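Q: The structure under discussion is supplied below as structure tokens; questions concerning it will follow.
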Amino acid sequence: MSDRNNRKAACALALGLTVALAPAAVMAQGPNDPLHMSTAARKAHMKLLKWNISKLGGMAKGAIPYDAEKAAAAAANLKAVAHLDMGDAWLEGSDSTAYEKSRALPKIWENMEDFGKKFMDMQAAADAMAEAAGQGPDAMKAALGNLGGTCKACHKEYRKPKDS
Amino acid sequence: MARMRRIFALTAGLAIAAGALFWWLSAPGRAPASVLAAVSGDAARGEAIFHAAGCASCHAAPGAKGEARLVLSGGRRFPSPFGTFTAPNISPHLEAGIGSWSALDLYNALHHGTSPKGGHYYPAFPYTTYIRMTPQDAADLHAWLMRLPPSPKASAPHDLPFPFTIRRGLGLWKRLYLSPDWIVSGDLSPEEARGRYLVEALGHCGECHTPRNALGGLEKARWLGGAPNPAGKGRIPNITPGGLDWSKADIAYYLETGFTPDFDSAGGEMAEVVENLSHLPKSDLMAIAAYLKRVPPVKSEKKSAQE
């Protein structure tokens, strides 16, 4: 194994994920092509995170009343989703320069170690949320602030801004 | 021959007159010391101005996080159609930074884009916004900046092509585009007026969210109506009611946490803006939202027309 692959394997292990070494230059061809499938899977993962955060965020904002049981349930879901093994969906070559529907910047794959660390920060914040969500609105809001910080930290570096 | 000499003398005279006119028109502006005579700076209040004005976003070292964002050693680069600007060291270091500046020096930099030695600053430093800052806020900001950790790092030069290297020419630019007038005028509620101050005098939202003309001046008729990203591809969004339909509470919550109404999260430069604004009281974030609701709606340009 080359150094490069070793490094990758180490990162993948650190994440508890497997980074697939798939052909880098595949072109988007149809609904079942790897670029489309992997990008769609990553987005689906993010949407599941969002869905559960939206319930906690709604309570934090005051749009829905705080309910310890519902908050704890959403946080437990969030934790499970955060720990889903999605490593092989971060397919090398499925970045924003190769596939127009991808907003994943190429530098993710150049900084896989840092990217993996930021991913684990999110997982740790989701774990903390699972502990805090049922402990009252203030504990939940504090945990949500930390969780949001981990979203921003990664999106700031590694997500291409929308062409709005 | 006599006629030739006369023409030469006339041409030379005109050239000198034009030069003198240019020199006079392009002179850097300065405020009299009396403007700060009645104020004394309060560092604690200055900290809030510092966050609202977003000083750290440009002047902290690239990639600085947490407490390191208070070391204003500069070095971050800003590509633009006019060349690449590099943020200078504005830490209170006596030689490398602004440690020797008086409150009036800072006021003149913020209001007139004029350095203590009497030179023009480039408008990458948003004095077109800070010109609306009150003398009290400028003095408070000075008191706070002087308490931050000094950094000995030398400021890097800007990387600009001719003719943008001639700073004196900025005097003419300022005559065109530097004005203390409010952009949004009319009868504003106290909350909307507070939001206007935060946006138009401190937060400099318009510097990115408003399109610029060929000379780099803001197109005020399309205030906050979205603009091409000067750093590369993509567009910075329209945040007038013509482009943003979020509720006031949603806007304030986004500025506080970075969460959009559908719980996506802020990224890119805006993530840093949220880091600054999360230090402000919620009433200020609601005021910004109230102001954004009050800005004249601008219709979003079609993407295809831009790229």
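Note that the protein sequences, when read in sequence, are chains S and U.
All the letters of the first sequence, read from the start, carry residue numbers 1247 to 1410 under my numbering.
All the letters of the second sequence, read from the start, carry residue numbers 6 to 312 under my numbering.
Note that the Cβ used here is the ideal one computed from N, Cα and C, for glycine as well.
None of the values given here were measured: they were computed from a predicted structure.
1. Give every residue of the same chain whose Cβ lies closer than 8 Å to the Cβ of residue 1301 of chain S, excluding the five residues on either side of it in the sequence, and list them in chain order.
2. Can you check which of these residues, U:90, U:36, U:15, U:302, is closest to residue 250 of chain U by C-alpha distance?
3. Is residue 215 of chain U closer than 8 Å to residue 201 of chain U when the C-beta atoms are compared?
4. For a cutoff of 8 Å on Cβ pairs, would you count residue 247 of chain U as touching chain S?
5. Report the neighbours of residue 226 of chain U on chain S: residues whose CB is nearer than 7 Å to its CB, in chain order.
6. Who are the near neighbours of residue 123 of chain U in its chain, counting only those whose CB is closer than 6 Å to its CB and skipping five residues on each side?
7. Using a Cβ cut-off of 9 Å, pull out every chain S residue sitting near residue 254 of chain U, in sequence order please.
8. Report the CB separation of residue 294 of chain U from residue 256 of chain U in whole angstroms; it is logged as a contact under 8 Å.
9. Per DSSP, residue 164 of chain U forms a beta bridge with which residues?
10. As a quick exercise: from S:1349, S:1353, S:1392, pick the residue whose alpha carbon is nearest that of residue 1370 of chain S.
11. Between which two residues does the alpha helix (DSSP H) holding residue 1360 of chain S run?
12. Can you find at least 3 beta carbon pairs, one from the segment 35-46 of chain U and one from the segment 125-141 of chain U, that sit closer than 8 Å?
13. So, does the CB of residue 1401 of chain S fall closer than 8 Å to a CB anywhere in chain U?
14. For residue 125 of chain U, write down the residues that DSSP places opposite it in a beta bridge.
15. If you measure from the beta carbon of residue 127 of chain U to each beta carbon in chain S, is any gap under 8 Å?
16. Taking its Cβ as the centre, do 16 or more other Cβ atoms sit within 10 Å of residue 3 of chain U, making it buried, or is it exposed?
17. Run through DSSP, which three-state label would residue 1268 of chain S get?
18. In chain order, what residues of the same chain have a beta carbon less than 7 Å from the beta carbon of residue 115 of chain U, not counting five sequence neighbours either side?
19. Kindly say whether residue 270 of chain U, judged by its beta-carbon, lies nearer than 8 Å to any beta-carbon of chain S.
20. State the CB to CB distance for the pair residue 1340 of chain S and residue 1284 of chain S, rounded to an integer number of angstroms; the pair is presumed to be in contact (CB under 8 Å).
21. Can you give me the start and stop residues for the alpha helix (DSSP H) that residue 7 of chain U sits inside?
22. Out of U:223, U:58, U:169, U:299, which one is the CA nearest neighbour of residue 285 of chain U?
23. For a minimum of 4 consecutive residues, which ranges assigned as the alpha helix (DSSP H) are wholly contained in the segment 266-296 of chain U?
24. Find the residues of chain S that neighbour residue 250 of chain U, judging by a C-beta separation of less than 8 Å, and give them in chain order.
25. Name, going along the chain, the residues of the segment 1330-1364 of chain S whose beta-carbon falls closer than 8 Å to a beta-carbon of chain U.
26. Which ranges would you report for the alpha helix (DSSP H) in the segment 1289-1369 of chain S if only whole runs of at least 4 residues count?
27. Are the CB atoms of residue 1493 of chain S and residue 1324 of chain S nearer to each other than 8 Å?
28. Which word fits residue 171 of chain U, buried or exposed, when buried means at least 16 other C-beta atoms lie within 10 angstroms of its C-beta?
29. Determine the burial state of residue 89 of chain U: buried for a count of at least 16 other Cβ atoms within 10 Å of its Cβ, exposed for fewer.
30. Residue 236 of chain U: which of U:223, U:85, U:26 sits nearest, CA to CA?
31. If you reduce the DSSP assignment to three classes, tell me which class residue 1385 of chain S lands in.
32. Between residue 321 of chain U and chain S, is any beta-carbon pair separated by less than 8 Å?
33. Taking C-beta pairs closer than 7 Å, name the residues in chain S that residue 83 of chain U reaches, listed in chain order.
34. What did DSSP end up calling residue 1256 of chain S once you bin it into helix, strand or coil?
35. Report the neighbours of residue 92 of chain U on chain S: residues whose CB is nearer than 7 Å to its CB, in chain order.
A: Reading it off the structure:
1. 1310, 1316, 1317, 1320
2. U:302
3. no
4. no
5. Neighbours of residue 226 of chain U on chain S: none; closest Cβ ~20 Å, over 7 Å.
6. 33
7. 1307, 1308, 1309
8. 4 Å
9. U:89
10. S:1392
11. 1358-1378
12. yes
13. yes
14. U:119
15. no
16. No answer is possible for residue 3 of chain U: the residues shown for chain U start at 6 and end at 312.
17. Because residue 1268 of chain S sits at a pLDDT of 43, beneath the cut-off of 50, its placement in the model cannot be relied upon, and the point is left open.
18. 132, 135, 138, 143
19. yes
20. 5 Å
21. 7-30
22. U:58
23. 273-282
24. Per Cβ cutoff of 8 Å: no residues; residue 250 of chain U is ~13 Å from chain S at best.
25. none
26. 1314-1328, 1353-1356
27. This structure cannot settle anything about residue 1493 of chain S, because the visible part of chain S is limited to 1247 through 1410.
28. exposed
29. exposed
30. U:85
31. helix
32. Because chain U here runs from 6 to 312, residue 321 of chain U falls outside it and cannot be looked at.
33. The premise fails here: residue 83 of chain U is roughly 16 Å from chain S at the closest Cβ pair, so nothing lies under 7 Å.
34. For residue 1256 of chain S, the pLDDT reaches just 47, beneath the cut-off of 50, and the residue's location in the model is therefore unreliable, although a value from the coordinates is still provided. Residue 1256 of chain S: helix per DSSP, three-state reduction.
35. Per Cβ cutoff of 7 Å: no residues; residue 92 of chain U is ~18 Å from chain S at best.
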